[in-house]
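Trainee:
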Amino acid sequence: MIYFVGAGSGAPDLITVRGARLLGEADVIVYAGSLVNPALLDYKKEGCAVYNSAKMTLEEVIAVMAPAAKEGKTVVRLHTGDPCVYGAHREQMDALDRLGLAYEVCPGVSSFCGAAAALRAEYTLPNVSQTVILTRMEGRTPVPEKEQIELLASHGATMVIFLSAGQTERLCQRLIAGGYAPETPAAIVYKATWPDEKVILTTIAQLPAAAAREGITKTALITVGGFLGEEYERSRLYDPAFSTEFREASK
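The structure is reproduced here in structure tokens:
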């Protein structure tokens with residue numbers, strides 16, 4: 000069996016219990032070495048073969064996993080965060096489907112969750128934002144035309160922007176062009192949940208200066224929106240005047 004395992008956002012103890020168990024059972028581990036904390040390899044058993052996919056192509060990854068699975072070995076493909084967010088695991092699953100090989104996915108804690116924890120923030124605040132947009136700037140890899148930053152920014156929702164820390168000047172301009180005020184709160188979270196985690200609170204207008212000052216060009220998330228401010232409404236769920244299935248409103 001082949002298991003796609005989410006490594007979590009960085010800290011080795013943020014992997015799921017299931018993910019840690021699978022790492023301990025694996026005969027072969029192929030891990031995203033450019034992003035996954037190598038401390039997670041401490042879960043592996045003696046004799047486990049380990050491959051760093053940062054140096055491999057898709058074809059080379061499949062060439063390692065497929066023969067091992069056919070031999071009855073347990074294979075773990077270890078992805079950063081959760082594989083469903085910029086994990087590029089769909090193409091791997093399709094390749095395994097063509098080969099008739101079985102696989103399962105073990106979810107992980109995405110870095111956008113780790114960033115919220117680092118910020119001590121809630122992305123969805125009543126009467127501020129009830130929508131979270133996960134996106135990225137186009138670079139060498141394009142994005143669909145309808146998902147340009149300006150169009151997404153026009154909603155005024157909470158935005159978590161991946162893979163864009165090296166383009167803060169353009170990002171700033173495009174967020175403002177899309178409708179965010181320059182003074183809208185923003186934050187850069189570098190290596191969320193890692194030992195060298197860094198949180199920089201700023202505004203959209205000051206994003207480029209903040210990134211330059213801290214020397215951050217990669218391995219960081221950028222969050223934008225009113226959720227970083229001080230104003231919001233209390234949740235009705237825990238309001239004593241609000242009835243729920245489990246509680247009658249007080250009079």
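Take the sequence shown: its letter number 106 is residue 105 in numbering that gives the first Met the number 0, and every next letter is one higher. Beta carbons: idealized from backbone N, C-alpha and C, even for Gly.
1) What is the DSSP secondary structure of K54, counted as helix, strand or coil?
2) Note the first and the last residue of the continuous beta strand (DSSP E) segment covering A103.
3) Candidates V131, G178, T192: which alpha carbon is nearest G7's?
4) How many whole angstroms separate the CB atoms of M64 and V49, which I take to be in contact at a CB cut-off of 8 Å?
5) From which residue to which residue does the alpha helix (DSSP H) around V16 run?
6) In chain order, what residues of the same chain lie with their CB nearer than 6 Å to the CB of E143, ignoring the 5 residues before and after it?
7) Helix, strand or coil for R119? Go by DSSP, reduced to three states.
8) Using DSSP bridges, identify the partner residues of A48.
9) Comparing C-alpha positions only, which one of E196, I199, M136 sits nearest to L174?
10) By alpha-carbon positions, which one of K197, V4, A156, A185 ends up nearest to C256?
11) Between which residues of its own chain and L162 is the CB-CB distance below 8 Å, once the five residues before and five after are set aside?
12) Would you kindly work out how many angstroms separate the C-alpha atoms of L227 and L100, rounded to a whole number?
13) Taking the CB atoms as reference points, tell me whether G113 and G18 lie closer together than 9 Å.
14) Where does S128 sit, in a helix, a strand or coil, going by DSSP?
15) Quick check: what's the CA-CA separation for A67 versus C171?
16) Roughly how many whole angstroms lie between the Cα atoms of A31 and A152?
17) May I have the straight-line CA-CA distance separating T218 from Y189, to the nearest angstrom?
18) Of the residues S234, L40, T123, G23, which one's Cα is nearest the Cα of G224?
19) For a quick check, are the C-beta atoms of A209 and I187 less than 9 Å apart?
20) Find the nearest neighbour of G155 within the set A87, M0, Q166, V127, judged by alpha-carbon distance.
21) CB-CB under 8 Å to K43, same chain, minus the five flanking residues each way: which ones, in chain order?
22) Would you mind giving the Cβ-Cβ distance between I221 and L206, rounded to the nearest angstrom? I have them listed as a contact below 8 Å.
23) On the DSSP letters alone, give me the boundaries of the alpha helix (DSSP H) that A208 sits inside.
24) Where does I221 sit, in a helix, a strand or coil, going by DSSP?
Mentor: Short version:
1) helix
2) Before going on, a small fix: residue 103 reads as Glu here, not Ala. Residues 102–105.
3) Comparing Cα positions, the closest option is T192.
4) About 13 Å separates the two Cβ atoms, so there is no contact after all.
5) Per DSSP, V16 belongs to the alpha helix (DSSP H) from 16–24.
6) The sequence given here places Pro at residue 143; Glu does not occur at that position. Nothing meets the Cβ criterion.
7) coil
8) V27
9) M136
10) Limits of the chain in this structure are 0 at one end and 250 at the other, which puts residue 256 out of reach.
11) Spatial neighbours of L162 in its own chain (CB-CB distance under 8 Å, excluding positions within 5 residues in sequence) are listed in chain order as Y85, R135, M136, G138.
12) 45 Å
13) no
14) strand
15) 47 Å
16) 31 Å
17) 6 Å
18) T123
19) yes
20) V127
21) L22, G23, A25, I28, V49
22) Correct: roughly 7 Å between the Cβ atoms.
23) 206–213
24) strand
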